[in-house]
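See structure below.
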Amino acid sequence: MNDLVIKNLYVSVAKDASTPSPLDDAWGTPPRTGGEILKGVTLTIKRGEVHVLMGPNGSGKSTLAMTLMGHPAYTVMKGSVMYQGKNVLKLAPEARAKLGMFLSFQHPVEAPGVPFGVFLRDAYESVKLPKRPISVAAFDMMVAGKAATLGLAYTALARNLNEGFSGGEKKRAEILQMSVLEPSMAILDETDSGLDVDAMRTVAREITALRSKRTGMLVITHYQRILKYLQPDVVHVMVGGRIVASGDRKLAMSIERRGYYSYLSKERL
Ligand code: ADP
Ligand code: MG
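Note that the sequence shown covers residues 6 to 274 in this note's numbering.
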C-alpha cells in the first residue's frame with residue numbers, strides 16, 4: 006500500500022509543447038520533439054527500495070519522472086500510477102508533494118526574485134509543516150547544518166534559487182531540498198551528472214541517509230560510478246519508452262562495458 010505502483014503507462018507530449026511557454030520555463034523543460042514517448046511502463050518501487058533507471062538519451066527517463074510529478078506538458082494516455090493507495094494521476098503536483106513525492110530535476114530552474122532560503126521555508130511549510138511544526142530559528146539552523154554537510158556555502162541561501170549557481174551548486178541545492186523535505190518517494194533525475202567525485206560521494210551519503218528512513222527511490226543516471234556508493238536493489242534499462250531489462254548491479258556493469266547496443270537491436274525487432 007505504501008509502494009509506488011506504475012502499471013502499463015503510456016504518455017504523450019504535445020508537439021507544440023516545444024513552443025516555449027512560461028510553464029515550460031518554470032519547469033525547466035528544454036524544447037523537444039513530442040509524440041508518444043512512454044509505451045507501457047510497468048514498475049513497482051517498495052518502501053526503502055532504491056531503483057536505478059538507465060537508458061540512452063531520449064529514451065523517456067525524464068518523461069517518466071515529469072509524469073510522476075504531474076508536469077502539465079505530459080499527457081497520460083493509458084495506465085495507472087498509485088502511491089500510498091492513492092491515484093496519483095488525479096492529484097495536482099502540490100498534492101503529490103504532500104503525499105511525500107519529490108523530484109530532483111535534470112535541469113533545475115532559476116527562480117529570479119526567490120531567495121533559496123525563503124523557497125526552502127515555503128516548500129517545507131506547504132509540504133511538511135502541519136505534521137512537523139518547527140520554529141523559524143530551528144528551521145534555519147537545520148538548513149544551515151545540512152547545507153554545510155552538502156558543501157553548499159551558507160551564502161547560497163540568500164541568493165535567488167539557482168540564479169547564477171554553478172552546475173554543481175544547482176545539484177547540491179536539489180539535494181538540500183530533498184534532505185529538508187524528507188520525502189518518502191524520491192525521484193532523482195541525473196542528480197549525479199556534472200558532479201566531481203567528492204560531491205557525488207556527498208550526494209550518495211544523503212541518499213543513503215534517506216534510504217535508512219525507508220524512502221523509496223528512483224535514481225535516473227548515466228553513470229555506473231554512483232552505483233558503487235548506492236547499492237541499488239534493482240537496475241532497469243529504458244529504451245524507446247519501455248523498460249527492456251531489469252536486474253541487479255551486474256546489469257549496470259555490463260551496460261558500462263557494452264553500451265546499450267544489444268537492447269537497441271532488440272527494440273528494433
Ligand atoms: P531522457 O530523459 O531519457 O533523455 P526524455 O524523456 O527527456 O528522455 O525525452 C524522450 C523523448 O520525448 C525525446 O524524443 C524528447 O524529444 C521528447 N520530449 C520530452 N519532453 C518533451 C516536451 N516537453 N515536449 C516535447 N517533446 C518532449
Ligand atoms: Mg533526461
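Ideal placement from N, C-alpha and C gives every residue a C-beta, glycine not left out.
In the stretch 239-272, which residue ranges form an unbroken alpha helix (DSSP H) of at least 4 residues, counting only runs that do not cross its ends? 254-263
Test: Ile180 CB closer than 9 Å to a CB of chain D: Judged by its chain identifiers, the structure shown contains no chain D, having just a single protein chain.
In this structure, does DSSP put Gly4 in helix, strand or coil? Absent from the structure is residue 4, since the part of the chain shown begins at 6 and ends at 274.
Less than 7 Å between C-beta atoms, sequence neighbours within five positions excluded: which residues of the same chain meet that for Pro27? With a pLDDT of only 44 at Pro27, under the threshold of 50, the placement of this residue in the model should not be trusted, and no figure is reported.
What does the Cβ neighbour count give for Ala163, buried or exposed, with the cut at 16 atoms within 10 Å? Exposed: under 16 other Cβ atoms inside 10 Å.
Selection from Ile260, Met106, Ala257, Asp145 that minimises the alpha carbon distance to Phe124: Asp145
On the three-pair Cβ rule with 8 Å, is the stretch 105-121 touching the stretch 174-186? yes
Excluding the five sequence neighbours on either side, which residues of its own chain have a C-beta within less than 8 Å of the C-beta of Glu168, listed in chain order? Residues Glu115, Ala116, Pro117 of the same chain have their beta carbon placed closer than 8 Å to that of Glu168, with the five preceding and five following residues left out of the count.
Coarse secondary structure for Val141, derived from DSSP in three states: Helix, per DSSP.
Less than 8 Å separating the Cβ of Met243 from some heavy atom of ligand 1? yes
Let me check one thing: in DSSP terms, what residues is Asn7 bridge-paired to? Bridge partners of Asn7: none, in fact.
Give the secondary structure of Ser198 by DSSP, where H, G and I count as helix, E and B as strand, and everything else as coil. coil
Near Gly252, which residues of its chain fall below 7 Å by C-beta distance, leaving aside the five closest residues on each side in sequence? Val240
Please name the residue, chosen from Tyr79, Ala153, Arg247, Thr220, that lies closest to Asp8 on a Cα-to-Cα basis. Thr220
Nearest-angstrom Cα separation, counted from Met183 out to Leu69: 19 Å
For the stretch 29-100, list the alpha helix (DSSP H) runs that are entirely contained and at least 4 residues long, ordered along the chain. Within the stretch 29-100, complete alpha helix (DSSP H) segments of at least 4 residues are found at 66-74, given in chain order.
Can you find a heavy atom of ligand 1 that lies under 8 Å from the Cβ of Gly156? Not one heavy atom of ligand 1 lies closer than 8 Å to the C-beta of Gly156.
Look at Ser85 and Gly246 and say whether their C-beta atoms are less than 9 Å apart. no
Burial state of Asp203, where buried means 16 or more other Cβ atoms lie within 10 Å: exposed
Contact check, Thr207 vs Ile180, beta carbons under 9 Å: yes
Suppose contacts are defined by Cβ-Cβ distances below 9 Å. Is Leu200 in contact with Leu58 by that definition? no
Report yes if the C-beta distance between Ala102 and Ala143 is below 9 Å; otherwise report no. no
Nearest to Met87 by alpha carbon, out of Gly105, Glu130, Tyr268, Gly122? Here the closest residue by C-alpha is Gly105.
Per DSSP, Ala102 is paired with what? DSSP, once it has assigned bridges, lists no residue as partnering Ala102.
One question on the structure: do Gly45 and Lys83 come within less than 9 Å of each other, judged by their Cβ atoms? yes
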